[in-house]
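What follows is one structure encoded as structure tokens, with my remarks underneath.
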């Protein structure tokens, strides 16, 4: 009589509080508060909360990797679910309530894009991380980066009240959404070390200067910085594509041609 193999069951673990999980909870809480601030029409407050949520998101991952146990599968899933709230739901509600609701069904669909593509981006990130491990850079625009880009644009509009920025918002919403689902490579956070040289030191210096200017002129810093970050990824991808085609053409031109048989 054949013996049936028992499938390995995963025993549910009790919920325990760790420092990374606490920062993840604060990430979700900021996303929740951002939605409430949008409903109260306090859009600048909502933008700040979305930005603060991304800070907590960056901290929980770094603290988890630096801890004794390292990052866990539970932490990975929890982190992505929190990002779906703060980087998906919150910016989607923000852009809809601010302006896109005036565009009818088109505005409704556009507002859904950040949430939809953030869910896709986070699901793909989880699958790739579990299969290949943590990478130094990202495939597609990270969901928090897309959320901060939209929040920065709204913050700029709230300061200058320039109607043209609302038309820019209509373009930026689908753009950052599609970039989340793209395969364009975006750099991760640079290593924090005074010993680092070259490109890493330049990136770190730019981030430090941006963070110093942020409390002084936040409306004129956040969106331009994120726009340049997005543009850098696009230009690098375009350059790599052109260079790849040139190398392919050169290789094809240098390949030996098959001998031609004389006509009889």
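In this note's numbering, the protein residues as written are 4 to 267.
Note that CB positions come from ideal geometry on N, CA and C, so glycine has one too.
From a predicted model like this one, the values you see are computed outputs, not experimental measurements.
For residue 96, the closest C-alpha among the options 42, 76, 142 and 54 is that of 42.
The beta carbon of residue 213 sits closer than 8 Å to the beta carbons of 224 and 228 from its chain, once the five residues preceding and following it are set aside; these are given in chain order. In chain order, 222 place their CB closer than 6 Å to the CB of residue 162, counting only its own chain and leaving out the 5 sequence neighbours on each side. Taken in chain order, the whole alpha helix (DSSP H) runs of length 4 or more contained in the region 126 to 209 are 146 to 163 and 167 to 184. The shortest C-alpha to C-alpha distance from residue 46 to any of 134, 145 and 100 is the one to 100. Under a 10 Å Cβ-count criterion, residue 124 is classified as buried, with 16 or more other Cβ atoms of the shown protein chains found around its own Cβ. The region 150 to 164 makes no contact with the region 234 to 248, as fewer than three CB pairs between them are under 8 Å. One alpha carbon belongs to residue 84, the other to residue 78, and they sit about 10 Å apart.
The beta carbons of residue 88 and residue 35 sit closer together than 9 Å.
Within the same chain, 26 come within 7 Å of residue 62 by CB-CB distance, once the 5 residues on both sides are set aside. The three-state secondary structure of residue 220, taken from DSSP, is coil. Contact between residue 56 and residue 24 is ruled out by a C-beta separation of about 15 Å, above the 8 Å threshold. Going by C-alpha positions, residue 154 is about 5 Å away from residue 50.
Classified as buried, residue 33 has 16 or more neighbouring CB atoms from the shown chains inside 10 Å of its CB.
Counting along the chain, residue 99 sits inside the alpha helix (DSSP H) bounded by residues 93 to 101. For residue 21, the secondary structure class from DSSP, reduced to helix, strand or coil, is coil.
Pairing residue 230 with residue 181 gives a Cβ-Cβ distance that is not under 9 Å. For residue 75, the three-state secondary structure derived from DSSP is coil. The count of Cβ pairs closer than 8 Å, one atom from the region 129 to 137 and one from the region 164 to 180, stays below three, leaving the stretches out of contact.
Residue 152 and residue 186 have their C-alpha atoms spaced approximately 19 Å apart. Counting of Cβ neighbours within 10 angstroms places residue 146 among the buried residues, the total reaching 16 or more.
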